[in-house]
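At position 200 of the sequence shown (counting the first as 1) the number is 211 in the numbering used here, and the numbers step up by one without a gap.
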Amino acid sequence: MLRFNNPSLSRYPIQGIDVSHHQGDIDWKTVAAQPNIRFAIMKATEGGDHRDSRFAENWQRAGDAGVVRGAYHFFTFCRPGKDQAQNVLATVPRTPGTLPVAVDLEFVGNCDKVPTLEEMATEVNAFFTELKATFPEKPIFYVTQEFYDQYLKGNEARFPEHYLWLRSVFKEPTQERCSRWSIWQFADNGTVNGIQGAVDLNALCPSETGFAHLFPAVASN
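#1: What is the DSSP secondary structure of Glu130, reduced to helix, strand or coil?
#2: For Gly45, which of helix, strand or coil comes out of DSSP?
#3: Do the stretch 109 to 128 and the stretch 81 to 101 touch if we need at least three Cβ pairs shorter than 8 angstroms?
#4: Please list the terminal residues of the continuous alpha helix (DSSP H) segment that includes Gly74.
#5: Indicate whether Ile206 and Ile25 have their beta-carbon atoms separated by less than 8 angstroms.
#6: Going by DSSP, name the residue or residues bridged to Val210.
#7: Do the stretch 94 to 105 and the stretch 56 to 73 meet, that is, are 3 or more Cβ pairs less than 8 angstroms apart?
#8: Quick test of your reading: Asn69 and Ala198, contact by CB under 8 angstroms. State the CB separation rounded to the nearest angstrom.
#9: Would you please state the rounded distance, in angstroms, between the beta carbons of Ile28 and Val203? I believe it to be under 8 angstroms.
#10: Using DSSP with H/G/I as helix, E/B as strand and the rest coil, what is Val229?
#11: By DSSP, does Lys164 sit in helix, in strand, or in coil?
#12: Can you tell me whether Leu13 is buried or exposed, with buried defined as 16 or more other CB within 10 angstroms of its CB?
#13: Cutting at 8 angstroms between CB atoms, please list the residues of its own chain near Leu142, excluding the five before and the five after it.
#14: On the premise that Phe152 lies in contact with Leu175, defined as a C-beta separation below 8 angstroms, what is that separation, rounded to the nearest angstrom?
#15: Pick out whichever of Phe181, Met131, Thr41 and Glu183 has its Cα sitting closest to the Cα of Thr87.
#16: Please return the same chain residues whose Cβ sits closer than 7 angstroms to the Cβ of Gly120, not counting the five positions on each side in sequence.
#17: Would Val42 and Ala76 qualify as a contact pair, given that the criterion is a beta-carbon distance under 8 angstroms?
#18: Which of the three DSSP states, helix, strand or coil, is assigned to Ala144?
#19: Taking all protein chains shown into account, do 16 or more other C-beta atoms lie within 10 angstroms of the C-beta of Asn166, making it buried, or fewer, making it exposed?
#20: Return the CA-CA distance between Arg22 and Thr185, expressed in angstroms with no decimal places.
#21: Does the beta-carbon of Asp160 have 16 or more other beta-carbons within 10 angstroms, so that it is buried, or is it exposed?
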């Protein structure tokens, strides 16, 4: 498959994948044996009541294989943030040595609503306020450039402090801006041994100002 980005391990030594039920039955032992797969962020929940059908299996088997894990929630603009947080709390285990909870914020899915900045900030803050007692770590925001420009750019103070997971499959974000982005989703059509079909590929920004400085502490647990 054609890929616009193919970052090397020498420049981006910590790389990983994000998965959901779309990847089907994953051979996590095979995945874990590959040098370019250091972590996996897996879909856990969506909205107020949907749970990914593969999450529990992926979470257990990835952990058994020694892959550093993280869970993400697909945020909908048609349910209150507090309700969505309850779905996460009922689904995602509080497991030591895992990545912070991530929230996927983008204009796709089964909700056509386009919220105002005020509405967005209110519901995202309500979501993380509800999670904070169980998941106190600084969260991860997965965003497209469109979403970042419309809601976050210049408005970061209105949202919880967060790491930024930026989707950019056509060009490489500059490493000098690691204080802004921490994880780069560089492809949505990757191939990985142990996974049938395409999978999203990601890299951590190799900078002390980004997310990568936390990874050794997470991986050592």
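We put the beta carbon where it would ideally sit given N, CA and C, even for glycine.
The relevant details are as follows:
#1: Of the three classes helix, strand and coil, the one that applies to Glu130 here is helix, per DSSP.
#2: Residue 45 is actually Gln in this sequence, not Gly. Of the three classes helix, strand and coil, the one that applies to Gln45 here is coil, per DSSP.
#3: yes
#4: Phe66 to Asp75
#5: Between Ile206 and Ile25, the C-beta gap is not smaller than 8 angstroms, which leaves the two residues out of contact.
#6: Gly201
#7: yes
#8: With a Cβ gap of about 20 angstroms, Asn69 and Ala198 do not count as contacting.
#9: 6 angstroms
#10: Here Val229 carries a helix assignment [DSSP, helix/strand/coil].
#11: coil
#12: Unreliable placement is indicated for Leu13, whose pLDDT of 48 sits below 50; no coordinate value is reported for it.
#13: Ala96, Val99, Leu100, Val112 and Pro150
#14: 6 angstroms between Cβ atoms; contact.
#15: Met131
#16: Phe85 and Thr87
#17: yes
#18: coil
#19: Sixteen is the threshold: since fewer than 16 other Cβ atoms of the shown chains lie within 10 Å of the Cβ of Asn166, the residue is exposed.
#20: Straight-line Cα distance between these residues: approximately 12 angstroms.
#21: So Asp160 counts as exposed.
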